[in-house]
Amino acid sequence: MEASAILHLYSCGVFKDEELASVYENLCERIVIHRDQLSREDEDVFLNLIEKLMAVKLGRSTVTRRDL
């Protein structure tokens, strides 16, 4: 699955907080290893994903670190 498709699914709310770490790792793999390109809109969604993931990791979400 391309990075843009993963980001689209994330932006539609398909992924739960518990799945954010896996989503992030998959995106990084797609971008670094497979050299997928991100559009400007995708970059904004990617930054929102990182902010959400950090909120979860820092305990500012209903999901605990154990859930990741």
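The numbers in full-length UniProt numbering rise by one with no breaks, and the one at position 42 of the sequence shown is 42.
Using N, Cα and C, we set each Cβ at its ideal position, and we do this for glycine too.
Straight-line gap, residue i to residue j (C-alpha atoms, nearest Å)
| i | j | result |
| --- | --- | --- |
| Ile33 | Met1 | 13 Å |
| Phe15 | Glu51 | 15 Å |
| His8 | Lys57 | 22 Å |
| Gly13 | Glu19 | 11 Å |
| Gly59 | Asp44 | 23 Å |
| Leu49 | Tyr10 | 8 Å |
Contact set for residue i: own chain, Cβ-Cβ below 6 Å, skip 5 residues either direction
| i | result |
| --- | --- |
| Ile31 | Ala3 |
| Gln37 | none |
| Asp42 | Ser4, Leu7 |
Spatial neighbours of residue i in its chain, beta-carbon cut-off 8 Å, leaving aside the 5 residues before and after
| i | result |
| --- | --- |
| Ile6 | Val23, Asn26, Leu27, Arg30 |
| Ser39 | Ser4 |
Whole-angstrom C-beta distance between residue j and residue i, which should lie under 8 Å
| i | j | result |
| --- | --- | --- |
| Leu47 | Ala21 | Their Cβ separation, rounded to whole angstroms, is 16 Å, which puts Leu47 and Ala21 out of contact at 8 Å. |
Heavy atom of the ligand NAD within 8 Å of residue i beta-carbon
| i | result |
| --- | --- |
| Ile33 | The model on display carries no ligand, and the ligand NAD is accordingly not part of it. |
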